[in-house]
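First the structure, in the form of structure tokens, and then the observations on it.
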Amino acid sequence: MAVLVELSKEYGYVVLTVVAYAFLNFWMSFQVGAARKKYKVFYPTLYAVESENKDAKRFNCVQRGHQNSLEMMPLFFVTVLLGGLQHPVVAAALGVLYTVARFFYFKGYATGVPENRLKLGIVLVNHTQLINAVSGQSRAQLGAAPLTKPCQRGLNFLAIIGLILCTASFGINLVIREAI
């Protein structure tokens, strides 16, 4: 049996969040191109070798910051787009948070000191309440207890976990609707 999903007006925020993340990655690719020129790392070399290039670490940090964002893109897109079907405003807000955190992650990494990727993009917060708010419905449907232990991580972690929970809630609602 097919399920028809009607997109709310607020789902437009989700789409704009995906577009913002796509532009962020497009901008990062230009930063990698500029780093290639600056540090003399030519195509098709993905990562510079330190024994061959004195600026290898600096280039590799720029490249790795972008590469990591590309690696996370499928998970981000799937969770924000599917989770946004059930919770468009929450998913869009978490998506914006994730995109901003990704920008600072990249900027920190691009300094050439890998540890800096965590300095600008990390704000330690007790986000148990936010995760409970996002996941409360799906956790209740699964018969799971509410989350009670504080969890401290960075904005990237907070946002992606929230998006995963939005997506899980949407999936559970589809299954329950189908069963009724």
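Under my numbering, the first residue of the sequence shown is numbered 38, with each subsequent residue one higher.
Every residue, glycine too, gets a C-beta built ideally from N, C-alpha and C.
With a cutoff of 8 Å on beta-carbon distance, residue 121 and residue 129 are scored as near each other. Just so you know, the alpha carbons of residue 84 and residue 96 end up roughly 8 Å apart. In the pairwise beta carbon analysis, the stretch 46-57 is classified as not touching the stretch 104-111: fewer than three pairs are separated by under 8 Å. Taking the Cβ atoms as the reference, residue 45 lies roughly 24 Å from residue 111, outside the contact range of under 8 Å. With 16 or more neighbouring CB atoms inside 10 Å of its own CB, residue 72 falls in the buried class. Here the alpha carbons of residue 206 and residue 149 stand approximately 40 Å from one another.
Residue 136 is positioned such that its CB atom lies closer than 8 Å to that of residue 58.
In this structure, the straight-line span from the alpha carbon of residue 47 to that of residue 123 is close to 11 Å.
Beta-carbon to beta-carbon, residue 90 and residue 75 are separated by about 11 Å, too far to satisfy the 8 Å threshold.
For residue 149, the secondary structure class from DSSP, reduced to helix, strand or coil, is coil. Separation of the CB atoms of residue 68 and residue 99 is rounded to 6 Å, and the pair is thereby assigned contact status at 8 Å.
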